[in-house]
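Report on the structure given below.
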Amino acid sequence: MSLWGGRFSEPSDEDLRLLNDSINFDYALYAEDIEGSMVYARALAGAGVISADEAETIVDGLRRALQEFDSDSFELAEGDEDIHTAVERRLIEIVGDVGGKLHTGRSRNDQVATDFRLWTMRAADSMAEELRQLQAEILTVAEGHTDTVMPGYTHMQPAQPITAAHWLLSFFWMLERDLDRLGAARARMSVCPLGSGALAGSPFAIDRQRIAAELGFDRPSENSLDAVSDRDFVADMLYVISLCAVHLSRLAEDILIYSSATFGFITLDDRYSTGSSLMPQKRNADPMELMRGKTGRLIGNLTGFLTTLKGLPSGYNKDLQEDKEALFDALETMHQLLPVVTATVRNLQINAEAMESALTDDMLATDLADYLVRKGLPFRQSHHIVGEVVRAAAERRETLSQLPQSALRRISAYFGDDVAEVFDFRRSIKRRDTYGGTAPKAVSAQITQAKARLNS
Ligand code: ARG
């Protein structure tokens, strides 16, 4: 029996039922649905719509239903089209007709909006915890490599030497911004729609401030028409998740490149690599490829849902039921990925020697130009001169440091005997000690800051 059967003379078509029902996935909202109903029952009593005794009977019945859900003994019945219907049906079975008073002034429209917000606030909290763990691992690995020198790239071309810690920590800060965005989204969604009714508000004097506070929201929503169809919080979350995944996809890409045989900068742990069914020598970074690949799916959830929202007229429309699978999938996907990414980072074997031997003299060309600047030349001129040096070295099939000083001096008289000091990767790094730079000293300061964020 459906809850809205009164005006219909025939039951729903079976195919429509399969399309319309959301119980298969919104079952996950049972705890929030029951919590909302408990608070709502007491609010009805507070408004004098039902007696305090009736409210307690309803709350007791809901508590029993909750135990059934928690112990996996809740039995779905025909007509349970969604979690709200199922809980109310069971409540009436348990407490009798008084259970039918619960839905007074309430609609599934304000109910589902409330349940899903509550659920999402909790999901945001647990995602934040997982992100913190990943940050902590990044920090730990970075701390051990403030003195490990590796090539830094722009356009995927060798650019300048950096410390391995600096590379790793760049992802710490991306995640820090993700956490900041997550917190902002969490704060924005802390608005309670319950009491908005189907669209127009409630004719019963329920205390919406109190309902909001009891459910742990910051405040009640300001406009009932907006409240029942506001799914900004879902779009916010899908975006926060997508951008976070984009960051982790870039980390995955770095790990894939650096762990390739050509680079060999890092070696992946056996437990987080996979083999080939044909080629016995292979050690593949499948988890990283899945991180990269699933990012596409997460972005798809965001764009798909925004497309669902874009044409909706005011008020609740059933299109909105699409919100749940999109966000459930996104959060579940992240929940699968994050522990594996975290473990991959934790077990990352950094091959410092391979990193250092990939450094090439041309990565010090900027340092050579800076040398001339220190001798008093404008940078534009020194850049040009070093360009000529690079060309001369290439013509002689020598590296920059192999070029004899006489050849250097033929290009510019500004080159002195002390130019040899430039060809030292560690010295190059050490010099970049401004705030946020790659010098071990600056990176140590960065680590101190990162730790402070982690512990805040
Ligand atoms: N299952 C629905 C959803 O997820 C609940 C709200 C149904 N409201 C309605 N007026 N049919 O959106």
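My numbering runs 639 ahead of the 1-based position in the sequence shown. For every residue, glycine included, the Cβ atom is placed at its ideal position computed from N, Cα and C.
| Test item: CB-CB of Ala891 and Leu937 under 8 Å | no
| request: Could you say which of Leu1011, Arg825, Gln1085 and Val1028 lies nearest to Ser809 if we only look at CA atoms? | output: Among Leu1011, Arg825, Gln1085 and Val1028, the Cα nearest to that of Ser809 belongs to Gln1085.
| said: Looking at the strands, I want to know which residues DSSP matches up with Gly791. | reply: Gln799
| query | Since Thr981 and Leu773 are thought to touch, with beta carbons under 8 Å apart, how far apart are those beta carbons, to the nearest angstrom? | reply | 5 Å
| message | Which residue marks the beginning of the alpha helix (DSSP H) containing Asp962, and which one marks its end? | response | Glu961 to Arg985
| request: Pull up the distance between the alpha-carbon of Gly903 and that of Tyr911, whole angstroms please. | output: Rounded to the nearest whole angstrom, the CA to CA distance from Gly903 to Tyr911 is 16 Å.
| message | Is the separation between the beta-carbon of Glu720 and that of Leu741 shorter than 8 Å? | response | no
| message | Output needed for Gly791: all residues of its chain with C-beta closer than 6 Å, excluding positions within five of it in sequence on either side, in chain order. | response | Here the set comprises Ala798, Gln799 and Ile801.
| query | First and last residue of the alpha helix (DSSP H) that includes Gln772? | reply | Arg747 to Glu782
| field | 8 Å Cβ cutoff met for Leu877 and Leu941 | value | yes
| field | Buried or exposed (CB count within 10 angstroms, at least 16 for buried), Asp958 | value | exposed
| request: List the endpoints of the continuous alpha helix (DSSP H) containing Met1002. | output: Under the DSSP assignment, Met1002 falls outside any alpha helix (DSSP H); it carries neither an H nor an E label.
| Cβ atoms of Ile722 and Tyr679: under 8 Å apart, would you say? | no
| With 16 other CB atoms within 10 Å as the buried threshold, where does Tyr955 fall? | That one is buried.
| Supposed contact pair Asp749 and Pro832 - C-beta distance, whole angstroms, cut 8 Å | 5 Å
| said: Tell me which residue opens and which closes the alpha helix (DSSP H) that Glu653 is part of. | reply: Glu653 to Asn659
| Using CA coordinates, which residue listed in Gln920, Thr972, Thr946 and Lys921 is at the minimum distance from Leu929? | Out of Gln920, Thr972, Thr946 and Lys921, Thr972 has the C-alpha closest to the C-alpha of Leu929.
| said: What I want to know is whether the C-beta of Tyr911 ends up closer than 7 Å to one or more non-hydrogen atoms of the ligand ARG. | reply: no
| task | State yes or no: is the C-beta of Leu945 within less than 8 Å of the C-beta of Ala874? | result | yes
| field | Residue from Asp1057, Arg1030 and Ile989 whose Cα sits closest to the Cα of Gly783 | value | Ile989
| message | I need the boundaries of the alpha helix (DSSP H) containing Leu948, first residue and last residue. | response | Run containing Leu948: Asp925 to Lys949, per the alpha helix (DSSP H) assignment.
| query | Does the Cβ of Pro806 have 16 or more other Cβ atoms within 10 Å, making it buried, or fewer, making it exposed? | reply | First, the residue type needs correcting, since residue 806 is Trp and not Pro in the sequence shown. With 16 or more other Cβ atoms inside 10 Å of its own Cβ, Trp806 counts as buried.
| query | Taking 7 Å as the line, does the beta carbon of Ser661 fall inside it for any heavy atom of the ligand ARG? | reply | yes
| Since Asp672 is in the alpha helix (DSSP H), which residue starts that stretch and which ends it? | Tyr669 to Gly685
| said: Taking 8 Å as the threshold (C-beta atoms), are Leu1042 and Ala1052 in contact? | reply: no
| DSSP-derived helix/strand/coil call for Ile845 | coil
| query | Going along the chain, which unbroken runs of the alpha helix (DSSP H) with 4 or more residues stay wholly within the segment 1024-1087? | reply | 1044-1050 and 1064-1070
| task | Would you mind stating whether Met994 and Met795 have Cβ atoms separated by less than 8 Å? | result | no
| query | Mind checking whether the beta-carbon of Phe741 lies closer than 7 Å to any heavy atom of the ligand ARG? | reply | The question names Phe, but residue 741 in the sequence shown is Leu. Checking the Cβ of Leu741 against the ligand ARG gives no.
| CA-to-CA distance, Ala686 to Arg825, given in whole angstroms | Their backbone Cα atoms lie some 30 Å apart in a straight line.
| request: Taking 8 Å as the threshold, find out whether the segment 704-719 comes into contact with the segment 728-737 through three or more Cβ pairs. | output: yes
| By DSSP, does Arg728 sit in helix, in strand, or in coil? | Under the three-state reduction of DSSP, Arg728 is assigned to helix.
| In angstroms, rounded to a whole number, what distance separates the CA positions of Arg771 and Arg931? | 20 Å
| field | Rounded distance between the beta-carbons of Ala682 and Ser690, thought under 8 Å | value | Ser690 to Ala682, Cβ: 13 Å. No contact.
| query | For the candidate residues Pro978, Leu854 and Ser835, whose alpha-carbon lies nearest to that of Leu864? | reply | Ser835
| message | Beta-carbon within less than 8 Å of Thr999's beta-carbon, same chain only, minus the 5 sequence neighbours each way: which residues are those? | response | Within its own chain, the residues whose Cβ lies closer than 8 Å to the Cβ of Thr999, once the five positions on either side in sequence are excluded, are Pro790, Pro797 and Thr1038, listed in chain order.
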